[in-house]
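Asks:
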Amino acid sequence: MQKSNLVTPPRVNSSRAYSAAVAVLLLLTGTADIIFAAVYYVSPTSVSTDWVAAQNISAPCSAATAMLNAVAGDTVYFRGGTYQLGPSAVPGQADIGYHATLEPANSGTSDNPITFQAYPGEEAVLNGHVTVNVTGIADAGTDNYHLVDNDVDFIAAGVVGWSIFRTTDKEGGAAVDTVEAHTVTFQTGTHNSNVNLLPGDAYTIGQDIVSPIGVWRQEYIIIDGFKVQADDGLNAARIIIGSHSADYYARGLVVRNCEVYGGTTKIVHGDNREGIRVECTEGALVSGCKVNNFLNVTNNQNTSAFKTYDNNNFIFKNNEIYDSLRGFYIKRRTNGAVIKNNYVHDCCESIMVTSFISPEYNSQRNISIFNNVVTYSESFTMSDFVQETSDSDNMRVYNNTFYTGYGTAATVTFGAGAKYYYNNILVGRPRDYDLGHLRFSSRDPAGGGVPVKIMECDHNLFDPLDSSQGLLIRTIKYGDSAEYISTNYQSLPAWQSSGELDDGSNPGTGSLAASPLFLNASGAMNQLDDFRLAAGSPARNAGRDGVNMGADIDMVGIEGTGSDDPEQINTGAPNAPAGLTIK
Numbered sequence: 000m001q002k003s004n005l006v007t008p009p010r011v012n013s014s015r016a017y018s019a020a021v022a023v024l025l026l027l028t029g030t031a032d033i034i035f036a037a038v039y040y041v042s043p044t045s046v047s048t049d050w051v052a053a054q055n056i057s058a059p060c061s062a063a064t065a066m067l068n069a070v071a072g073d074t075v076y077f078r079g080g081t082y083q084l085g086p087s088a089v090p091g092q093a094d095i096g097y098h099a100t101l102e103p104a105n106s107g108t109s110d111n112p113i114t115f116q117a118y119p120g121e122e123a124v125l126n127g128h129v130t131v132n133v134t135g136i137a138d139a140g141t142d143n144y145h146l147v148d149n150d151v152d153f154i155a156a157g158v159v160g161w162s163i164f165r166t167t168d169k170e171g172g173a174a175v176d177t178v179e180a181h182t183v184t185f186q187t188g189t190h191n192s193n194v195n196l197l198p199g200d201a202y203t204i205g206q207d208i209v210s211p212i213g214v215w216r217q218e219y220i221i222i223d224g225f226k227v228q229a230d231d232g233l234n235a236a237r238i239i240i241g242s243h244s245a246d247y248y249a250r251g252l253v254v255r256n257c258e259v260y261g262g263t264t265k266i267v268h269g270d271n272r273e274g275i276r277v278e279c280t281e282g283a284l285v286s287g288c289k290v291n292n293f294l295n296v297t298n299n300q301n302t303s304a305f306k307t308y309d310n311n312n313f314i315f316k317n318n319e320i321y322d323s324l325r326g327f328y329i330k331r332r333t334n335g336a337v338i339k340n341n342y343v344h345d346c347c348e349s350i351m352v353t354s355f356i357s358p359e360y361n362s363q364r365n366i367s368i369f370n371n372v373v374t375y376s377e378s379f380t381m382s383d384f385v386q387e388t389s390d391s392d393n394m395r396v397y398n399n400t401f402y403t404g405y406g407t408a409a410t411v412t413f414g415a416g417a418k419y420y421y422n423n424i425l426v427g428r429p430r431d432y433d434l435g436h437l438r439f440s441s442r443d444p445a446g447g448g449v450p451v452k453i454m455e456c457d458h459n460l461f462d463p464l465d466s467s468q469g470l471l472i473r474t475i476k477y478g479d480s481a482e483y484i485s486t487n488y489q490s491l492p493a494w495q496s497s498g499e500l501d502d503g504s505n506p507g508t509g510s511l512a513a514s515p516l517f518l519n520a521s522g523a524m525n526q527l528d529d530f531r532l533a534a535g536s537p538a539r540n541a542g543r544d545g546v547n548m549g550a551d552i553d554m555v556g557i558e559g560t561g562s563d564d565p566e567q568i569n570t571g572a573p574n575a576p577a578g579l580t581i582k
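In numbering that gives the first Met the number 0, the protein residues as written are 0 to 582.
1. Can you find the residues in the same chain that come closer than 8 Å, C-beta to C-beta, to L491, ignoring five residues on each side of it along the sequence?
2. What does the Cβ neighbour count give for S600, buried or exposed, with the cut at 16 atoms within 10 Å?
3. Just confirm the distance between the C-beta atoms of V209 and G127, as a whole number of angstroms; I'd bet it's less than 8 Å.
4. Here's a check: name, in chain order, each residue in its chain whose Cβ is nearer than 6 Å to the Cβ of V426, leaving out the five neighbours to either side.
5. Assess contact between the stretch 107-114 and the stretch 159-174, defined as three or more Cβ pairs (one per stretch) separated by less than 8 Å. Is contact present?
6. For T30, count neighbouring Cβ atoms within 10 angstroms of its own Cβ and tell me buried if that reaches 16, exposed if not.
7. When we look at the beta-carbon of Q186 and count the other beta-carbons within 10 Å, is it buried (16 or more) or exposed?
8. Go ahead and pull the three-state DSSP assignment for S441.
9. Is it right to say N317 is buried, meaning 16 or more other beta carbons lie within 10 angstroms of its own, or is it exposed?
10. Roughly how many angstroms lie between the CA atoms of D270 and V546, to the nearest whole one?
11. Assuming F293 and S303 are in contact, meaning their beta carbons sit under 8 Å apart, how far apart are those beta carbons, in whole angstroms?
12. Regarding H190 and the ligand NAD, is the C-beta to nearest heavy atom distance less than 7 Å?
13. If you reduce the DSSP assignment to three classes, tell me which class P211 lands in.
14. Inspect the beta-carbon positions of A408 and K452 and report whether they are closer than 8 Å.
15. Under DSSP, the beta strand (DSSP E) around A62 begins and ends at which residues?
16. Within its chain, find whatever has a CB closer than 7 Å to the CB of F164; leave out the 5 residues flanking it on each side and keep chain order.
17. On the DSSP bridge assignment, give the partners of M394 in chain order.
18. Compute the beta-carbon to beta-carbon distance between V97 and I239, rounded to the nearest angstrom, for a pair I have assumed lies under 8 Å.
19. CA-CA distance, T353 and Q363?
20. Identify whether G561 lies in helix, strand or coil by the three-state DSSP scheme.
21. Do you know offhand how far A137's Cα is from A229's?
22. Can you tell me where the alpha helix (DSSP H) holding C361 begins and where it ends?
23. Please look up how many angstroms separate the CB atoms of K339 and T307, rounded, as I've assumed it's under 8 Å.
24. What number of angstroms, rounded off, separates the C-alpha of S162 from the C-alpha of T264?
25. Out of A71, A36, T81, state which residue places its alpha-carbon closest to the alpha-carbon of S42.
26. I need the DSSP call for G232, collapsed to helix, strand or coil.
27. Cα separation between P537 and P515?
28. Within 10 Å of its beta-carbon, does A235 have 16 or more other beta-carbons around it, so buried, or fewer, so exposed?
29. Can you name, in chain order, every residue of its own chain whose Cβ lies under 6 Å from the Cβ of N361, other than the five neighbours on each side?
30. Between which two residues does the beta strand (DSSP E) holding A173 run?
31. For I33, name the three-state secondary structure that DSSP assigns.
32. Under 6 Å Cβ to Cβ from T486, same chain only, skipping five residues before and after it: list those, please.
33. By Cβ distance below 7 Å, which residues in the same chain neighbour V131 in space, the five residues on each side in sequence not counted?
34. Does the separation of the CB atoms of V259 and V290 fall below 8 Å?
35. Could you check where the beta strand (DSSP E) with A538 kicks off and where it finishes?
36. Whole angstroms are fine: how far does the CA of Y76 sit from the CA of A541?
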């Protein structure tokens, strides 16, 4: 199991070696707060490996040199320009799909992180390049599940299982299953989205995403201010941080003020693809980032702007996510997460939390979602989806503004576990009248399922817009004999007299069925400022303790004042996997 490096081993440069030795002595005597912190410079054209000289802004080193040499307390400035970076596969390393092209070799410390930052006032573009093994024309014998090309030896070209086949002139492709010399067989189901593949079609086989920068099993690293793309915007790029190992949660990782672009080419299969991925971390932070254009040919759920796996006390704040299939996707075992002050718009599915299989494998607990503005979702606004015997206990959703206009996606759903929903504004028609505007769903106890517990649901504003259908709130529960009980509440008064709170009392105290009267300064309801409450809004001072319902717009988005507010962590105990060691 990898340890954090406080001081790197001595290098060839004798002055650096001497400094490292002195640093060790100071640490042992408790007299060092900063370990010879220094500022270094990188440029997109430099091939220099002289790390000492790179302290001079006129003698920058290469990006790879900085990643190898930076130690605790160092700040590395990337000068403006485009950094042409190769594929993010690290030779000789396992799990190459989880590595980035630029990865720090050392850890910082809690007091002295290592910072990799775009030079202030300059645009540092990290332009990755996806692997392309083969470019060709399909021969006779090709169909939607097989590619035949007698001019290519696929094995010799390095095509393997899970390489990605894509048609060049059509929007389609598949993940590769098996490979023979002149024939490739594709995977089926969600990993195959061919579009009428025929002999004579042009194609490529390789990969469809690259990670220009990231962190692998190091700690206390800050990535700040980069524009991240692939192949000049053709393909998907990603920032990935963490360890990809559930027995090692990396601490102190920060991604901030970055732009990540998903490319103009859609993902063609159902495996995970995302713009920022946080996996196996403790206390990670993503803030001030803009992520967009992560789309999938078949709208498969595993393509998202942001995704988490296996994290504790993660914070995602003051970001902007848009034009993506899924916006924010908490996929597995991310506990104590805070999602606040974000602007999520024009996504198919805006916020998704999934819990499945079992509490030990994947229950998402102690999640707080507040002060976000989520607009123009296409399928649903927020889904807390629970399966099997898992749960998403102690979830708090409050002071959010959810708006879809006359689209059919004003749906917020909750699964098994204790839920708190208050001070929110929800405007629009639901996805359908099975889900409704609000739905609370228990799991079947016959299979070991957990009930949903509506602990608090009050001071919310609902505006269904469609008077012919109106408001719908649904509960799905199971009786004492495990019988299925579905109840529909088709008006706010019906909900307010339902007795549906866990203690048997009525929900809906202080709630309103009314128009929120947004300011709509642009006249088009498509700018963040449009969702401020007008002077005569009924949502003003109508929330708990006299606060406004909905989000405080001043605090939302990458320019929001909430970017520096004190962190608010849901204080429930994290549900760490058995045997977890946080180092």
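Ideal placement from N, C-alpha and C gives every residue a C-beta, glycine not left out.
Replies: Quick answer:
1. F461, L470, G507, S510, L511, A512
2. Only positions 0 to 582 of the chain appear in the structure, and residue 600 is not among them; the question remains open.
3. 4 Å
4. Y402, D462
5. no
6. Here the model assigns T30 a pLDDT of 42, short of 50, so the residue's position is not dependable and the matter cannot be decided.
7. buried
8. coil
9. buried
10. 43 Å
11. 6 Å
12. No copy of the ligand NAD occurs in the structure displayed, which carries no ligand at all.
13. strand
14. no
15. From DSSP, A62 is part of no beta strand (DSSP E) but of the alpha helix (DSSP H) over 62-68.
16. L146, G172, A173, V175, V183, F185, Y202, I204
17. K418
18. Inspection of the sequence shows that residue 97 is occupied by Tyr rather than by Val. Yes, Y97 and I239 are in contact; Cβ-Cβ is about 6 Å, under 8 Å.
19. 7 Å
20. helix
21. 26 Å
22. For the sequence presented, residue 361 should be read as Asn rather than Cys. Element bounds for N361: 358-361.
23. Not a contact, Cβ separation roughly 15 Å.
24. 16 Å
25. T81
26. helix
27. 6 Å
28. buried
29. R331, R332, S354, F355, S389
30. 172-178
31. Its pLDDT being 49, under 50, I33 is placed unreliably in this model, and the value from its coordinates should be taken loosely. Residue state, collapsed to three classes: coil.
32. T474
33. T203, G205
34. yes
35. No beta strand (DSSP E) contains A538, which DSSP labels as neither H nor E.
36. 47 Å
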